Amino acid sequence: MSLNVLMLSWEYPPDHVGGLGRHVMHLSRALVERGSSVTVLTRTGPGKPDVWRDQGVTVVSAAPYSLSPPDFVTWAAEFNVSLLEESIRSFEPGRFDVIHAHDWIVAPAARALKHAWGLPLVATIHATECGRQRGLHTPMQRHISELEWWLCYEAWRVIGCSRYMKDEICGTFSVPDDKVRVIPNGIDEGWFSVQRNPSPDPLVIYVGRLVPEKGSHILVDAMSDVVMRFPTAKLVIAGGGPMEEELRRRVWDSGLRRVVELAGHLDDKRLKELYSRAWVACFPSSYEPFGIVALEAMATGAPCVVGDAGGLSEIVDHMSTGLKVRPNDPVSLAGAVCRLLEDGGLRDRLSSAARLVARTKYSWDDIAARTLEVYDEVTEREGRRAKRATLVPSYLKEDNLEVELSKVAGSEAGDGSTR
Numbered sequence: 003m004s005l006n007v008l009m010l011s012w013e014y015p016p017d018h019v020g021g022l023g024r025h026v027m028h029l030s031r032a033l034v035e036r037g038s039s040v041t042v043l044t045r046t047g048p049g050k051p052d053v054w055r056d057q058g059v060t061v062v063s064a065a066p067y068s069l070s071p072p073d074f075v076t077w078a079a080e081f082n083v084s085l086l087e088e089s090i091r092s093f094e095p096g097r098f099d100v101i102h103a104h105d106w107i108v109a110p111a112a113r114a115l116k117h118a119w120g121l122p123l124v125a126t127i128h129a130t131e132c133g134r135q136r137g138l139h140t141p142m143q144r145h146i147s148e149l150e151w152w153l154c155y156e157a158w159r160v161i162g163c164s165r166y167m168k169d170e171i172c173g174t175f176s177v178p179d180d181k182v183r184v185i186p187n188g189i190d191e192g193w194f195s196v197q198r199n200p201s202p203d204p205l206v207i208y209v210g211r212l213v214p215e216k217g218s219h220i221l222v223d224a225m226s227d228v229v230m231r232f233p234t235a236k237l238v239i240a241g242g243g244p245m246e247e248e249l250r251r252r253v254w255d256s257g258l259r260r261v262v263e264l265a266g267h268l269d270d271k272r273l274k275e276l277y278s279r280a281w282v283a284c285f286p287s288s289y290e291p292f293g294i295v296a297l298e299a300m301a302t303g304a305p306c307v308v309g310d311a312g313g314l315s316e317i318v319d320h321m322s323t324g325l326k327v328r329p330n331d332p333v334s335l336a337g338a339v340c341r342l343l344e345d346g347g348l349r350d351r352l353s354s355a356a357r358l359v360a361r362t363k364y365s366w367d368d369i370a371a372r373t374l375e376v377y378d379e380v381t382e383r384e385g386r387r388a389k390r391a392t393l394v395p396s397y398l399k400e401d402n403l404e405v406e407l408s409k410v411a412g413s414e415a416g417d418g419s420t421r
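Counting from 1, position 308 in the sequence shown corresponds to residue 310 in the numbering used here; the numbering is continuous, with no gaps.
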């Protein structure tokens, strides 16, 4: 069935920070290949036109206000207003069959458009604030988590990228099990074209955001032990984030400035070159809903070491497609890296098996087909309101429910309200 889909995402390549924007891009392209019409409403970026086409996908850019917001949550609130204004300018009611929102940053706009146009809403939760922060410790973290709950509450179906994420969504936000669908991230065919060309000396790489839960600092600590056994080993860290300066200090204080290179953000071409040269690719996350960079490494044949956490545990089969280590344990990580550096036969076996799994289980065409099944579930209800039974999360106490809900939803409760 051909559908007209509106995607809401705070980022879209080439203007993107993490994996969410690339997920939206590849999913949208694959949906178009299957006959759907997809419009992505996102933020503008340097040199971006207001409306442009990306392999059949219509991308509409909304300019966030330039009001010097004091924090990211305030920026997100202003961004949602600009999304709504752009929707009023650009889209006629009745143009779309379904709205698909990605993460809390677009939750207010998604809810408003759902009710204004009377459309079913699907939400993909790529990660949760409670999971990222190991709890909710500040008012801002609590507010973000409330927005995530709100999006899950308003959505007719929720998509998580792994069984781990489904459990987290259901447990954190009291979402009924049968409301959540597990659809993994995918891998673009271009990653399978990378030819292995390992560097002459042992090369360990890390690709990802520089944030505590991704574990780049644990890898730097582990390299002190690695170079004791492999003095010519090098580590390249590709990515940026709030921990960058802390990592530089850590490298300097550890005496590893000739061993570790912080390469910053790399485009796909340079990333593929880096993966092709790597002896080992490390992703020592302590919290990881899925792990798209690990999947990219597997597709290129780079032998992987991953933290035994979250979605990474589902992607990598220990001693078959990679090695797993205890999160936040530099000794365990160093041991796994050294094991791969000294055993070329093991590296080759893991490389071949990982490539096969990545190609057969994580194609974007299959993921688009499974996403269309979710769209079919909600659009078949046309003319009827979705039956939902989402409960209030545990941290919203009953006697304070009205006050807490009013912060994000005003006086109007969503359909299926518990009131």
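A virtual CB, placed ideally from N, CA and C, is assigned to each residue, including glycine. Note that the structure is predicted; figures quoted are calculated from it, not measured.
Got a sec? Which residues, its chain only, sit under 6 Å from residue 464 by beta carbon, not counting five neighbours each side?
Residue 464 cannot be examined here, being either before or after the span of the chain that is shown, 3 to 421.
Can you have a look at residue 23 and say buried or exposed, based on whether 16 or more other CB atoms are within 10 angstroms of its CB?
Walking along the sequence shown from the start, residue 23 turns up at place 21. That one is buried.
Contacting residues, own chain, Cβ-Cβ under 6 Å from residue 366 (five flanking each side not counted)
Within the sequence shown, residue 366 is the residue found at index 364, counting from 1. Closer than 6 Å at the Cβ level, and outside the excluded window around residue 366, lie 28, 32 and 188.
What residue ranges within the segment 136-183 form continuous beta strand (DSSP E) runs of no fewer than 3 residues, ordered along the chain?
159-162
Integer Cβ distance of residue 338 from residue 295, believed to fall under 8 Å
Reading the sequence shown from its first residue, position 336 is the one you call residue 338. Reading the sequence shown from its first residue, position 293 is the one you call residue 295. About 17 Å; that fails the 8 Å criterion.
When DSSP labels each residue in this structure, what does residue 8 get in the three-state scheme?
Counted from its first residue, the sequence shown places residue 8 at position 6. Strand, per DSSP.
Exposed or buried, which one is residue 70 when buried takes at least 16 other CB atoms within 10 Å?
Taking the sequence shown and counting its residues from 1, the one referred to as residue 70 is at position 68. Residue 70 is exposed by the Cβ-count criterion.
My output table needs one value for residue 237: the three-state DSSP class, helix, strand or coil.
As a first step, residue 237 must be located in the sequence shown, where it is residue number 235. Strand at residue 237.
Beta-carbon gap between residue 157 and residue 184 smaller than 8 Å
For this step, residue 157 is matched to residue 155 along the sequence shown. For this step, residue 184 is matched to residue 182 along the sequence shown. Not a contact, by the Cβ cut-off of 8 Å.
Please say whether residue 327 and residue 309 have beta carbons closer to each other than 8 Å?
Stepping through the sequence shown from its first residue, residue 309 is reached at position 307. Stepping through the sequence shown from its first residue, residue 327 is reached at position 325. Their beta carbons are under 8 Å apart, which means residue 309 touches residue 327 by this criterion.
Please go through the segment 41-76 and give each complete beta strand (DSSP E) segment of 3 or more residues, from N-terminal end onward.
53-56 and 59-64
Given residue 146, which residues of its chain have a CB within under 8 Å of its CB, disregarding the five upstream and five downstream residues?
Here residue 146 is taken as the residue at index 144 of the sequence shown, counted from 1. Closer than 8 Å at the Cβ level, and outside the excluded window around residue 146, lie 75, 106 and 131.
Only counting runs of 4 or more residues, tell me where the alpha helix (DSSP H) segments fall wholly within the segment 184-232, in order along the chain.
218-231
Hey, is residue 241 close to the ligand MG, as in C-beta under 7 Å from one of its heavy atoms?
Ligands in the displayed structure: none, and consequently the ligand MG is not present.
Residue from 232, 199 and 320 whose Cα sits closest to the Cα of residue 277
Sequence index remark: in the sequence shown, residue 277 carries index 275 (1-based). The shortest C-alpha separation from residue 277 is found at 199.
How do the segment 215-234 and the segment 274-288 stand: do at least 3 beta-carbon pairs fall below 8 Å, yes or no?
yes
For residue 285: DSSP bridge partner residues:
Reading the sequence shown from its first residue, position 283 is the one you call residue 285. Residue 285 is bridged to 308.
Checking 8 Å against the spacing of the C-beta atoms, do residue 349 and residue 301 come in under that value?
Translated into positions along the sequence shown, residue 349 becomes position 347. Translated into positions along the sequence shown, residue 301 becomes position 299. No; because the gap between Cβ atoms is not below 8 Å, this pair is not in contact.
Per DSSP, residue 123 is paired with what?
To locate residue 123, count along the sequence shown from 1; it is residue 121. Its beta-bridge partners are 101.
Under 7 Å Cβ to Cβ from residue 116, same chain only, skipping five residues before and after it: list those, please.
Position 114 of the sequence shown, counting from 1, holds the residue named residue 116. Within the same chain, residue 116 has close Cβ partners 101, 123 and 156.
Same chain only: Cβ atoms within 6 Å of residue 425, ignoring 5 sequence neighbours per side:
Only positions 3 to 421 of the chain appear in this structure, which leaves residue 425 out of reach.
Residue 365 by DSSP, collapsed to three states: which one?
Position 363 of the sequence shown holds residue 365. Here residue 365 sits in strand by DSSP.
Where residue 161 and residue 65 are concerned, what is the direct C-alpha to C-alpha distance, given to the nearest angstrom?
By one-based count along the sequence shown, residue 161 stands at place 159. By one-based count along the sequence shown, residue 65 stands at place 63. Taking the straight line joining both Cα atoms gives about 27 Å.
Residue 12 burial status per 10 Å Cβ neighbour count (16 or more: buried):
Taking the first residue of the sequence shown as position 1, residue 12 is located at position 10. Classification of residue 12: buried, given that the 10 Å Cβ count is 16 or more.
Buried versus exposed call for residue 214 [16 or more other C-beta atoms within 10 Å across all chains shown]
By one-based count along the sequence shown, residue 214 stands at place 212. By the neighbour-count rule (16 or more Cβ atoms within 10 Å), residue 214 is buried.
Report the residue from 113, 135, 224 and 35 whose alpha carbon sits nearest the alpha carbon of residue 330.
Sequence index remark: in the sequence shown, residue 330 carries index 328 (1-based). With distances taken between Cα atoms, residue 330 lies closest to 224.
Taking the straight line between their C-alpha atoms, what separation do you get for residue 119 and residue 354?
Translated into positions along the sequence shown, residue 119 becomes position 117. Translated into positions along the sequence shown, residue 354 becomes position 352. Approximately 49 Å between the Cα atoms of the pair.
Could you check if residue 1 is buried or exposed, using at least 16 other CB atoms within 10 Å of its CB as the buried criterion?
Coverage of the chain is limited to positions 3 through 421, which leaves residue 1 absent and any answer about it impossible.
According to DSSP, simplified to helix, strand and coil, what is residue 265?
Position 263 of the sequence shown, counting from 1, holds the residue named residue 265. If DSSP states are grouped into helix, strand and coil, residue 265 belongs with the strands.
Beta-carbon contacts of residue 298 that lie in its chain and below 8 Å, excluding the five residues immediately before and after
Locating residue 298 in the sequence shown gives position 296, counting from the first residue. 189, 193, 209, 273 and 277.
Quick one: give me the first and last residue of the beta strand (DSSP E) that residue 325 is part of.
Translated into positions along the sequence shown, residue 325 becomes position 323. Start and end: 325-327.
Less than 7 Å between C-beta atoms, sequence neighbours within five positions excluded: which residues of the same chain meet that for residue 279?
The count along the sequence shown starts at 1 and reaches residue 279 at position 277. Counting only Cβ-Cβ distances below 7 Å, and skipping sequence neighbours, we find 199, 200, 201 and 205.
State the Cα-Cα distance for the pair residue 68 and residue 17, rounded to the nearest angstrom.
Within the sequence shown, the letter at position 66 stands for residue 68. Within the sequence shown, the letter at position 15 stands for residue 17. Spanning the two alpha carbons is a distance of roughly 17 Å.
Within 10 angstroms of the Cβ of residue 110, are there 16 or more other Cβ atoms? Answer buried if so, exposed if not.
Residue 110 sits at position 108 when you count from the first residue of the sequence shown. It counts as buried.
Can you look up residue 38 in the DSSP assignment and give me helix, strand or coil?
Position 36 of the sequence shown, counted from the first residue, corresponds to residue 38. Reduced to three states, the DSSP call for residue 38 is coil.
Take the Cβ of residue 281 as the centre, count every other Cβ of all protein chains shown within 10 Å, and call the residue buried at 16 or more, exposed below.
Position 279 of the sequence shown, counted from the start, is the residue given in the question as residue 281. Buried.
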